[in-house]
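A short worksheet on the structure shown next.
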Amino acid sequence: MKDYFPLFAVGAIVGIATLVCFVAFAFVKSKKEAFGFERNMKDGELIKRLMVYAKPYAGSFVAIFFLMLAAIAYDVISPTLVGRIEEMIRGDFALKSLFVYIGAFVSMLVVSAACSYFQSIILQRTGQKIISSIREDLFSHIESLSHGQLNEIPVGKLVTRVSNDCEAISRMFTQVIFSLVKNSFMIIGVLAAMLILDYGLTLIVLCFVPFIILFTVMFRKFSRMAYRKEKERMTDVNTFLSENLSGIKITQIFGRTARKNAEFSERNKKLERAIMGEIYVFAIFRPVVYTLYFCSVLVLFFLGGKGYLDGVGIMGKAVTSGVIVSFYMYISKFFDPIQTLAEQFNTLQSAFASAEKIFTIMDIEPSVKDGEGATDIDEIKGDIEFRDVWFAYVGEEWVLKGVSFKVNANETVAFVGATGSGKTTILALLCRNYEAQRGEILIDGRDIRSIKISSLRRKFGQMMQDVFLFAGTVRSNLTLLEDFSDEEINAAVKYVNADKFIAGLKNGLDEEVRERSNNFSAGERQ
């Protein structure tokens, strides 16, 4: 009985750890919304849509797969080589054989390193191409949405979709999926090598697998909770920063900086606590897995050493010192991938959540788009007519009710009315920034819905109430990167009486426009 005391000690350690984790798992409740919102798309649907972007690079993924297998071969075979070297040193030592083994070991190491290098380069390049395509399609789709649809989506959310969520998908392609495949093949390869080497010791090691699965399931629950809380706190901080940095001048004017500092400090501390909570979860899980690894090594040394000394191991098969050395290395290569797979679960689910958010935006059908048979318009005379036009921004809260008028070419018309009476709305409808619910709008007797939107807007100049200038130069803002000659630009500038102002600038049309046009006054921006 005393001979098997180490096994009883290992069993007690594993049993107590399992009981503690199970009790904690049973009493801690988790919300369904693990990633800050209720997911509606299934993982299979998301994978199918993402594969549309990955399909053009199928050849690259095949190359990555074979390079990965070549790199894994070293991890699977090297412990056996080390075991053979150990047996040769203890038995019939031959220097020539030693050099052969060392040469094989070094050759495999060099090949594995080279394969890992090229695999990483191809993977990162392919992943960036895929995410670049997704990002471009998303931005292009956002540009196609109408003003009404854009008003319903906060700008910060759109920025997050194009930047953070696309980056999460990028990590999935360049890190997570590859790691899942690699570690899965690593586990299979190591397990096969262990079975070939000594199936008896392999079965002993496999006794710890159910405990690993149990701890992994528990870890997933706690890590999801910690991850959700950290993401919620991060979103709260980002929202606060976006709003308050935009209005920081107002905060300073009214002397509210101290209060805003206190509010930010409170949010920042909540974020810190959430991040620390996530760190604690990982700090507990990793030692638990390491404990299982340590226990399996103890069992290996006990049973393997006992079999080596007795001359007969488990199931009657002899155990050599080389087998023990090889198994010691294999156990590490068996447990590490399992731990990595468990820790990357949140990253994978986060990528799926980000993909759903992106596809939710891309699934929004533009409310204003070219109709069937819409064509370009080459020249316009300038006759504008509204016929019984009704329009509401929300529901049936009508801003325009049965508006009808006609403006002939070369006439100048001014609309005068109270705030909210629909003056700006008329211009927005004329350029199809919004779509009228009823009635017709005609240009030279032609319904504007029969004209392509791009062609229509090219023929009209809009001076909006809220002036926005892009970072660049005065010239780039006037042309919006279209190819206009200096004569055309100067003629347009003179037409709106801005020629004297621009001529007074140090660099004229090439004067720099900084971010948010802070180097120009409100009047100069207009």
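Count along the sequence shown from 1, then add 14; that gives the number in the working numbering.
Quick reminder that beta carbons are idealized off the backbone N, C-alpha and C, glycines included.
Would you mind working out which of C309, A240, T174 and R273 sits nearest E286, comparing C-alpha positions? Nearest in C-alpha terms to E286, of all of C309, A240, T174 and R273, is A240.
Are the beta-carbon atoms belonging to L548 and I156 less than 9 Å from one another? Residue 548 lies beyond the residue range present for the chain, which begins at 15 and ends at 540; the question has no answer from this structure.
Hey, how far is the Cα of V427 from the Cα of V421? V421 has its alpha-carbon roughly 7 Å from the corresponding atom of V427.
Three or more C-beta pairs closer than 8 Å, one from the region 371-384 and one from the region 221-237: is that the case here? Put simply, the region 371-384 does not touch the region 221-237. Fewer than three CB pairs are less than 8 Å apart.
Starting from L137, trace the alpha helix (DSSP H) in both directions and tell me its first and last residue. From DSSP, the alpha helix (DSSP H) with L137 extends over L109 to S158.
Grab me the residues of E47's own chain with a C-beta within less than 6 Å of its C-beta, minus the 5 sequence neighbours each way, in chain order. Annotation note: pLDDT 43 at E47 (below 50); position unreliable, coordinate value reported separately. Sequence-distant partners of E47 (beyond 5 residues in either direction) whose C-beta falls short of 6 Å from its own C-beta are missing from its chain.
Simplified DSSP assignment, three categories, for A595: Outside the modelled stretch of the chain, which goes from 15 to 540, sits residue 595, for which no answer is possible.
One question on the structure: do D500 and L523 come within less than 9 Å of each other, judged by their Cβ atoms? L523 sits close to D500, with the two beta carbons spaced by under 9 Å.
Once DSSP output is grouped into helix, strand and coil, what is the label at I227? Here I227 sits in helix by DSSP.
Where Y71 and D392 are concerned, what is the direct C-alpha to C-alpha distance, given to the nearest angstrom? Distance between the alpha carbons of Y71 and D392: 41 Å.
Name the two residues that bound the continuous alpha helix (DSSP H) containing G58. Start and end: D57 to A68.
Taking 8 Å as the threshold, find out whether the region 104-120 comes into contact with the region 162-178 through three or more Cβ pairs. By the criterion of at least three beta-carbon pairs nearer than 8 Å, the region 104-120 is not in contact with the region 162-178.
Along the chain, where does the alpha helix (DSSP H) that runs through K196 open and close? Taken as a continuous stretch (DSSP letters only), the alpha helix (DSSP H) holding K196 covers I191 to L211.
CA-to-CA distance, S198 to L470, given in whole angstroms: Computed Cα separation, rounded: 56 Å.
Less than 9 Å between the C-beta atoms of L306 and F229, yes or no? Yes. Within cutoff.
Beta-bridge partners of G486, as assigned by DSSP: Answer is V527, bridged to G486.
Rounded to the nearest angstrom, what separates L312 and S340 at their Cα positions? If I take the Cα positions, the gap works out to 15 Å.
Euclidean distance between Cα positions of S535 and R489: Approximately 17 Å, taken between the alpha carbons.
DSSP on T334, reduced to helix/strand/coil? In this structure, T334 counts as coil in the three-state DSSP scheme.
Excluding sequence positions up to five away, which residues of its chain have a Cβ less than 8 Å from the Cβ of I372? Within the same chain, and ignoring the five residues on either side of I372 in sequence, the residues whose Cβ sits closer than 8 Å to its Cβ are I148, L152, R175, D179, C180 and I183.
Count the other C-beta atoms from every protein chain shown that fall within 10 angstroms of the C-beta of E386, then say buried if there are 16 or more, exposed otherwise. Exposed.
Please classify D250: does DSSP put it in a helix, a strand, or coil? The answer is helix: DSSP assigns D250 an H, G or I state.
Measuring CB to CB, does A288 end up less than 9 Å from K243? Between A288 and K243, the C-beta gap is smaller than 9 Å, which places the two residues in contact.
Sorry if obvious, but does the Cβ on T188 come closer than 8 Å to a heavy atom of the ligand GDP? Ligands are entirely absent from the displayed structure, and the ligand GDP is therefore not among its contents.
On the CB-based measure, 16 or more other CB atoms within 10 Å of its CB, does V42 come out buried or exposed? Because V42 sits at a pLDDT of 49, beneath the cut-off of 50, its placement in the model cannot be relied upon, and the point is left open.
Do the CB positions of G73 and T334 come within less than 9 Å of each other? Against a cut-off of 9 Å, the Cβ pair of T334 and G73 comes out as no contact.
Environment of F49 [buried if 16+ CB atoms lie within 10 Å]: With a pLDDT of 42 at F49, under the threshold of 50, the modelled position of that residue is not reliable, and the figure given next carries that caveat. Its Cβ being crowded by 16 or more others within 10 Å, F49 is buried.
Just to confirm my understanding: we take F299, look at its own chain, exclude 5 residues before and 5 after, and list those with CB closer than 6 Å. What are they? Leaving aside the five residues that flank F299 on each side, the residues in its chain whose CB is nearer than 6 Å to its CB run, in chain order, F233.
What does DSSP give as the partner residues of E286 in its beta bridges? In DSSP, E286 forms no bridge with anything.
State the DSSP-derived secondary structure class of A84, mapped to helix, strand or coil. Note: A84 maps to helix in three-state DSSP.
Alpha carbon of Q503 to alpha carbon of F366, nearest angstrom: Per the sequence shown, residue 503 should be read as Ile rather than Gln. I503 and F366: Cα-Cα distance of roughly 48 Å.
For K395, count neighbouring Cβ atoms within 10 angstroms of its own Cβ and tell me buried if that reaches 16, exposed if not. With fewer than 16 neighbouring CB atoms inside 10 Å of its own CB, K395 falls in the exposed class.
Please report how far the alpha carbon of G537 lies from the alpha carbon of S364, in whole angstroms. Here the C-alpha atom of G537 lies approximately 46 Å from the C-alpha atom of S364.
Under DSSP, the beta strand (DSSP E) around S418 begins and ends at which residues? Taken as a continuous stretch (DSSP letters only), the beta strand (DSSP E) holding S418 covers W412 to V421.
Which of helix, strand or coil DSSP assigns to D461: In this structure, D461 counts as strand in the three-state DSSP scheme.
Look up A406 in the DSSP assignment and say whether it is helix, strand or coil. In the three-state reduction of the DSSP assignment, A406 falls in the strand class.
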